[in-house]
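Participant: Questions regarding the structure given below will be posed in turn.
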Amino acid sequence: MEYTILILALPMFSFLLLGLAGMKMSHKVAGTIGTLSLGIVTVLSYLTAFRYFTAPRTADGTFETLMPWNFEWLPFTESLHIDMGILLDPISVMMLVVISTVSLMVHIYSFGYMKGEVGFQRYYAFLSLFSMSMLGLVVATNIFQMYVFWELVGVSSYLLIGFYYTKPEAIAASKKAFIVTRFADLGFLIGILIYGYYMQTFEFDPAQERLMQAGMVLPLALGLMFVGGAGKSAMFPLHIWLPDAMEGPTPVSALIHAATMVVAGVYLVARMFPLFIGFAPETLHIVAYVGAFTAFYAASVACAQSDIKRVLAFSTISQIGFMMVALGVCTSMDPHEGGLGYMAGMFHLFTHAMFKALLFLGAGCIIHAVHSNEMSTMGGLRKYMPITHITFLIACLAIAGIPPFSGFFSKDEILAACFQFSPAMGWIMTIIAGMTAFYMFRLYYGIFWGTENKELHEHHTPHESPLSMTFPLMFLALITIVCGWIQPFGHFVSSNGHAYDIHLDMNVAVTSVVVALIAIAIATWMYARDRQPVADMLAKRFATLHRAAYKRFYMDEVWMFVTKRIIFRCVSKPLAWFDRHAIDQFMNFMAWCTNAAGGTIQPLQNGRIQSYTQWFYGGIIVLVVILLLS
Amino acid sequence: MEIHVVHYLVVSTVMLFCGIYGFFTRKNLLAILISVELMLNATNINFAVFNRYLFPDQLEGHFFSLFGIAVAAAETAVAIAIIINVYRNMKQILTDDITDLNG
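Keeping their order, the protein sequence lines are chains A and B.
The numbering of the first sequence is numbering that gives the first Met the number 0, which starts it at 0 and goes up by one.
The numbering of the second sequence is numbering that gives the first Met the number 0, which starts it at 0 and goes up by one.
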């Protein structure tokens, strides 16, 4: 499978081409180059997936882990070296499919969405860079290569959020995203260094005796790696950058901040899963609790947001929380006994990427039509935008967990895994799933039903988007409808690599569907009509709570307080004072000494031969005296 | 009273230190030049005296004195030429005041 190198090389090439020569091309040419290279990458990814999963299994019933490319980049010691290469195993192949599909759809969609924008070529160059980095991340052969590409996706995310660089909000958002994730990545880096030091390797499967010697250090290293993952995957309390990241172009939000980059943290945990299970089950449970809290927090915030992209952003955070929970509740490698969550988390990652990208792209169509993100400016759009409406509804049903859409199957597996872990966790997650259904339908009714915005329609009537934008919607909707029926998913991806038959736990399935239907019914009752007396009344009754949820429970303010009042004032200021008054002053003193010494001896060098000769004779006399005395 | 080597050396030492003293204290270029000549001639005397008294059959000391006189003559010619040029350009020859080429 040597051709897999093309999966990385093509986007890299198109990034360089568009980045260096893009300004000389027309928009059409630049977009076509980007899309075409991604198209080839998608075909190659599908081919890889097909060939990988149809290849015969090894003797113990797992798929062979392939490494078609691997070269040593930086050797440190015999065993400790940083490699660059391509690793193919079930989850990386699955991620290749997810990333290339969504990325291709976003490339096609951007043709319509970004039409006529200044910097169209730059946009496609950055998209290529992002695709390359993300694909490199998932096929990383070792943790350090993963880290390198991890930072690259961070950079491309920064560049794309700040794409509208004349907008102050976009600049602030891009900086925030970069700083917060970079701050979390510090934990990741420290984790990697600890791991490398104790395991003497950066590979994912260190030697057994090293593992035994490591003791308590391994859970610490894995925990620190999870901090990095939590930053990228917007886990509470490092989630604050993701809602602001919505300042970027909507297709970018769909690609980076919904489908691919934000699940990097989940992927990281899945990648280190055998180590987590074997040596740090407590750390894994922390992952579960962080995920569950994040899921709940984000779901409750999403219920009160009015910006449609913000709702989707919080819904993304919540769903990533679900995936983290799924991985965190695992207790063994065997999918039949406590290892179900691994498969469930990966499955949810797969389905979520599709329907969340669909939701974002649909939101992009709506924003394109009404030129606003605010839900209050929308309403009654279903007549004007039928395709967007239908596809959006499909995605809403999928995320709410209604059969037969894909989200139902993956969410059901997650809930089943949670119930296996503990009934409390199961019920909590079921309720959060109900909240998901509620806020998604609140969003859906707010956009497509209710009163029409007459004022806006007088200006210009909203209309359906061009085919370049609706095609990705339909394609992703199709996947959303059918991919839940990919029952062999468990055959391909499972915690121990053996084929696992997905079967619905009827109790769990019925409960979750009933909860979701009740939530949808409440949302329908509250929001489907022209006026919303119940919602307004509730908002007025619980004004403080509503306001707190609208303000995201003041998490940004808390962070501002922590950084400005505590870190800046109590740490940075004394340090700055010390720097200015101790370190700088010492340097100034050294300079002053040199200067003063120079000033003192400078008159000696006066250019008068007579005075030089006087010193010369003085020297001779001294030497003569010394010689005579000795 | 016989004139011994020490007497010559006393004369040459006095000349040398007069030259050094003059070289240090004089500001006039001509006076400095004269001081340098004094020092040179003090060494010439030494050469001649040591040759005469210590190695009477040999002539190297005398030749060195002659060399020294010749070099001193050439050097004086060059120095006088420089001093005259300096005077033409600067209208004076006091070392303290000639600072135009001082960096």
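Think of the CB as a built atom: it goes at the ideal place given N, C-alpha and C, for glycine as much as any other residue.
Note that the structure is predicted; figures quoted are calculated from it, not measured.
In chain order, what residues of the same chain have a beta carbon less than 7 Å from the beta carbon of LYS47(B), not counting five sequence neighbours either side?
Facilitator: Translated into the one-based positions of the second sequence, residue 47(B) becomes position 48. Contrary to the premise, residue 47(B) reads as Ala rather than Lys in this sequence. Excluding positions up to five away in sequence, the list reads GLY60, HIS61, SER64.
Participant: Taking the CB atoms as reference points, tell me whether ASP504(A) and ALA415(A) lie closer together than 8 Å.
Facilitator: Mapped onto the first sequence, residue 504(A) falls at position 505. Mapped onto the first sequence, residue 415(A) falls at position 416. Yes; because the gap between Cβ atoms is below 8 Å, this pair is in contact.
Participant: Closest Cβ-Cβ distance between GLN609(A) and chain B: below 8 Å?
Facilitator: Counted from its first residue, the first sequence places residue 609(A) at position 610. Yes, because at least one Cβ of chain B sits closer than 8 Å to the Cβ of GLN609(A).
Participant: Identify every residue that forms a DSSP beta bridge with ILE85(A).
Facilitator: Walking along the first sequence from the start, residue 85(A) turns up at place 86. Beta-bridge pairing links ILE85(A) to TRP68(A).
Participant: For GLN601(A), return the contacting residues in chain B, with the cut-off set at a CB-CB distance below 7 Å.
Facilitator: Within the first sequence, the letter at position 602 stands for residue 601(A). Within chain B, no residue comes near GLN601(A); the closest Cβ sits about 13 Å away, beyond 7 Å.
Participant: Provide the residue span of the alpha helix (DSSP H) that contains CYS395(A), from first to last.
Facilitator: On the first sequence, position 396 is the one that residue 395(A) refers to. Counting along the chain, the alpha helix (DSSP H) containing CYS395(A) begins and ends at 385 to 399.
Participant: Measure the beta-carbon distance from MET428(A) to ILE413(A) and round it to whole angstroms, keeping in mind my assumption that it falls under 8 Å.
Facilitator: Numbered from 1 along the first sequence, position 429 holds the residue referred to as residue 428(A). Numbered from 1 along the first sequence, position 414 holds the residue referred to as residue 413(A). Contact holds; Cβ gap of about 7 Å.
Participant: Of the residues ALA76(B), ARG51(B), SER34(B), which one's Cα is nearest the Cα of LEU8(B)?
Facilitator: If you number the second sequence from 1, residue 8(B) lands on position 9. Comparing Cα positions, the closest option is ARG51(B).
Participant: Three Cβ pairs or more, each shorter than 8 Å: is that satisfied between the stretch 126 to 134 of chain A and the stretch 99 to 113 of chain A?
Facilitator: Yes, the stretch 126 to 134 of chain A touches the stretch 99 to 113 of chain A.
Participant: Compute the beta-carbon to beta-carbon distance between PHE235(A) and PHE292(A), rounded to the nearest angstrom, for a pair I have assumed lies under 8 Å.
Facilitator: By 1-based counting over the first sequence, the position of residue 235(A) is 236. By 1-based counting over the first sequence, the position of residue 292(A) is 293. Right, the Cβ-Cβ distance comes to about 6 Å (below 8 Å), so this counts as a contact.
Participant: At which residues does the alpha helix (DSSP H) containing GLY320(A) begin and terminate?
Facilitator: For this step, residue 320(A) is matched to residue 321 along the first sequence. Run containing GLY320(A): 307 to 327, per the alpha helix (DSSP H) assignment.
Participant: Run through chain B and tell me which residues come within less than 7 Å of TYR163(A), C-beta to C-beta.
Facilitator: Within the first sequence, the letter at position 164 stands for residue 163(A). The contacting residues do not exist; TYR163(A) stays about 59 Å from chain B at best.
Participant: From the beta carbon of PHE196(A), is the nearest beta carbon of chain B less than 8 Å away?
Facilitator: Your numbering for residue 196(A) matches position 197 in the first sequence. As written in the sequence, residue 196(A) is Tyr, which differs from the Phe given in the question. No, no contact with chain B.
Participant: Just list the residues that DSSP pairs PRO248(A) with in beta bridges.
Facilitator: Indexing the first sequence from 1 puts residue 248(A) at position 249. According to DSSP, which records beta bridges pairwise, PRO248(A) is partnered with nothing at all.
Participant: Can you tell me where the alpha helix (DSSP H) with TRP558(A) in it begins and where it stops?
Facilitator: Taking the first residue of the first sequence as 1, we reach residue 558(A) at position 559. From DSSP, the alpha helix (DSSP H) with TRP558(A) extends over 554 to 559.
Participant: Are the CB atoms of ARG270(A) and PHE201(A) within a distance shorter than 8 Å?
Facilitator: Translated into the one-based positions of the first sequence, residue 201(A) becomes position 202. Translated into the one-based positions of the first sequence, residue 270(A) becomes position 271. Their beta carbons are not under 8 Å apart, which means PHE201(A) does not touch ARG270(A) by this criterion.
Participant: Is the shortest distance between the beta-carbon of ILE19(B) and the beta-carbons of chain A less than 8 Å?
Facilitator: By one-based count along the second sequence, residue 19(B) stands at place 20. At least one chain A Cβ lies under 8 Å of ILE19(B).
Participant: List the residues that DSSP assigns as beta-bridge partners of ASN27(B).
Facilitator: Along the second sequence, read from residue 1 onward, the residue named residue 27(B) stands at position 28. Bridge partners of ASN27(B): LEU93(B).
Participant: Look up PRO74(A) in the DSSP assignment and say whether it is helix, strand or coil.
Facilitator: Taking the first residue of the first sequence as position 1, residue 74(A) is located at position 75. Three-state result, PRO74(A): strand.
Participant: Can you give me the C-alpha to C-alpha distance between LEU5(A) and SER156(A), rounded to a whole angstrom?
Facilitator: Position 6 of the first sequence, counted from the first residue, corresponds to residue 5(A). Position 157 of the first sequence, counted from the first residue, corresponds to residue 156(A). Going from the Cα of LEU5(A) to the Cα of SER156(A) covers about 23 Å.
Participant: Does chain B have any CB closer than 8 Å to the CB of TYR157(A)?
Facilitator: Locating residue 157(A) in the first sequence gives position 158, where the first residue counts as 1. Chain B contact via Cβ: absent.
Participant: Between the stretch 440 to 447 of chain A and the stretch 84 to 94 of chain A, can you find at least three pairs of beta-carbon atoms closer than 8 Å?
Facilitator: The stretch 84 to 94 of chain A vs the stretch 440 to 447 of chain A: no contact.
Participant: TRP591(A): buried (16+ other C-beta within 10 angstroms of its C-beta) or exposed?
Facilitator: Start at 1 with the first residue of the first sequence, and residue 591(A) comes out as number 592. Exposed, because fewer than 16 other Cβ atoms sit within 10 Å of the Cβ of TRP591(A).
Participant: Within the 8 Å Cβ cut-off, does THR612(A) reach chain B?
Facilitator: The residue you call residue 612(A) lines up with position 613 of the first sequence. For THR612(A), the answer is yes, since a Cβ of chain B falls inside 8 Å of its Cβ.
Participant: What separation, rounded to the nearest whole angstrom, lies between the Cα atoms of ARG121(A) and PRO74(A)?
Facilitator: On the first sequence, residue 121(A) is found 122 positions in, with the first residue counted as 1. On the first sequence, residue 74(A) is found 75 positions in, with the first residue counted as 1. C-alpha separation (whole angstroms): 36 Å.
Participant: Cutting at 8 Å between CB atoms, please list the residues of its own chain near VAL512(A), excluding the five before and the five after it.
Facilitator: By one-based count along the first sequence, residue 512(A) stands at place 513. So the qualifying residues of the chain are GLY400, ILE401, PRO402, PHE407.
Participant: Using 8 Å as the cut-off, can you tell me whether the stretch 9 to 20 of chain B makes contact with the stretch 65 to 83 of chain B, which would need three or more C-beta pairs spanning the two stretches below that distance?
Facilitator: Touching, no.
Participant: Could you tell me the alpha carbon to alpha carbon distance between LEU477(A) and TYR499(A), rounded to whole angstroms?
Facilitator: By 1-based counting over the first sequence, the position of residue 477(A) is 478. By 1-based counting over the first sequence, the position of residue 499(A) is 500. Taking the straight line joining both Cα atoms gives about 25 Å.
Participant: Which residue wins for smallest C-alpha separation from ALA397(A), given the options PHE488(A), LYS308(A), LEU516(A)?
Facilitator: What you label residue 397(A) is simply residue 398 of the first sequence in a count that begins at 1. Of PHE488(A), LYS308(A), LEU516(A), the residue nearest in Cα terms is LEU516(A).
Participant: Could you check whether LEU79(A) and GLY214(A) sit closer than 8 Å to each other, using their CB atoms as the reference points?
Facilitator: On the first sequence, position 215 is the one that residue 214(A) refers to. On the first sequence, position 80 is the one that residue 79(A) refers to. In this structure, LEU79(A) does not lie closer than 8 Å to GLY214(A) by Cβ.
Participant: Interface residues of chain A around THR12(B) at Cβ under 9 Å?
Facilitator: Numbered from its first residue, the second sequence carries residue 12(B) at position 13. The premise fails here: THR12(B) is roughly 14 Å from chain A at the closest Cβ pair, so nothing lies under 9 Å.
Participant: What are the boundary residues of the alpha helix (DSSP H) that includes ARG121(A)?
Facilitator: As a working note, residue 121(A) is residue 122 in the first sequence. Taken as a continuous stretch (DSSP letters only), the alpha helix (DSSP H) holding ARG121(A) covers 119 to 137.
Participant: Would TYR146(A) count as contacting chain B if we go by Cβ distances under 8 Å?
Facilitator: Translated into the one-based positions of the first sequence, residue 146(A) becomes position 147. No, TYR146(A) does not count as interfacial toward chain B.
Participant: Within the 8 Å Cβ cut-off, does PHE62(B) reach chain A?
Facilitator: On the second sequence, residue 62(B) is found 63 positions in, with the first residue counted as 1. For PHE62(B), the answer is no, since every Cβ of chain A falls outside 8 Å of its Cβ.
Participant: Run down chain A in chain order and give the residues with a C-beta less than 9 Å from the C-beta of THR94(B).
Facilitator: For the purposes of this step, residue 94(B) is taken as the residue at position 95 of the second sequence. ARG607, ILE608, GLN609, listed in chain order.
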